[in-house]
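A short write-up of the structure that comes next.
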Amino acid sequence: MPGRPEIERRARALVSQTFRGKSSDPGRTPTCILTMGVQGAGKSTAIRRRAPASYVRIDPDEVLNNLLRHGALPDGGEVFGLSDEWTERLVRHAIRHRYDFVLDSAMPSMRIARQLKAQGYNVEVLLVTARRPIAREREVQRDMRRGWGRPGVRVEGQIRTRDRIAREGPALASKYADTVTVCDNSGAVMQCSKKCSKSPRQFLRKHKALFSM
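Put into structure tokens, the structure is as follows:
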């Protein structure tokens, strides 16, 4: 496992690499797509179909993979905490410079959604649904392709993520999202709903069930 100075060097390089070739326009309203979906649900597929190529893509898993360079995954939480830290730095950089971007995570935090709205972003929640066996199979295949040598997420982890989406997703969407798009695991759009900012409670009552699919 690389030491802290080497990880810091890689992380600084990652910021430069992530935003290289991307442009921002401070004079207009930027957009952020926040994904929700269990590990292996097909979020990356949905992003390829939904997000313009000009958008910056921030993926916590790719941040971790880049920092470790396919090294052995530790049992402790230090490196995973470092991955979260650098993911948030990438997000802050994107917001500060008003880039359009996608945050490709299983369940984004309320704090990030709050920051986006405070900075005048248009926020789209992209909810990707998949039955658990399909999601589990896709997650195992992806981790093996990455060279991790073992699945990074157990079934229990997927269940916890699904429960968290059902518990926190509706509140995040009703408070901060301008649009909620629901896709299946092929990236095909099943439903797209625009929220009226004056009636978040009505939106919550109407769409809460989507987050338990």
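Numbering-wise (this note's numbering), the sequence shown opens with residue -17 and increments by one. Note that the Cβ used here is the ideal one computed from N, Cα and C, for glycine as well.
Please report the straight-line C-alpha distance between residue i and residue j, rounded to a whole angstrom.
| i | j | result |
| --- | --- | --- |
| L154 | R(-6) | 30 Å |
| R31 | I(-11) | 32 Å |
| A170 | G19 | 14 Å |
| M89 | K25 | 11 Å |
| T143 | K190 | 16 Å |
| T0 | Y103 | 20 Å |
| L192 | G(-15) | 43 Å |
| L(-4) | N48 | 8 Å |
| P(-13) | G63 | 16 Å |
| F39 | L72 | Rather than Phe, the amino acid found at residue 39 in this sequence is Arg. Distance between the alpha carbons of R39 and L72: 10 Å. |
| D86 | G9 | 25 Å |
| T161 | A23 | 20 Å |
| V105 | S91 | 13 Å |
| S168 | R74 | 30 Å |
| S(-2) | K4 | 10 Å |
| T69 | E44 | 10 Å |
With a threshold of 16 other CB atoms inside 10 Å of the CB of residue i, please say whether the residue is buried or exposed.
| i | result |
| --- | --- |
| R78 | exposed |
| S156 | buried |
| A112 | buried |
| A76 | buried |
| P42 | buried |
| G151 | buried |
| E101 | Correcting the residue identity first, residue 101 is Gln in this sequence and not Glu. Exposed, since its Cβ has fewer than 16 Cβ neighbours within 10 Å. |
| A35 | exposed |
Alpha helix (DSSP H) containing residue i: first to last residue?
| i | result |
| --- | --- |
| M92 | 92 to 100 |
| F1 | -14 to 1 |
| N48 | 42 to 50 |
| T27 | 25 to 32 |
Do you know whose CA, among the options, lies nearest residue i's CA?
| i | options | result |
| --- | --- | --- |
| V110 | E67, V164, S87 | V164 |
| A33 | F83, E70, R(-9) | F83 |
Residue range of the beta strand (DSSP E) that residue i falls in?
| i | result |
| --- | --- |
| T13 | 13 to 18 |
| N104 | 104 to 110 |
| F83 | 83 to 85 |
Handout entry: Sufficient close CB pairs (3 or more, under 8 Å) joining the segment 12 to 24 to the segment 92 to 108
Key = They touch, by the three-pair rule.
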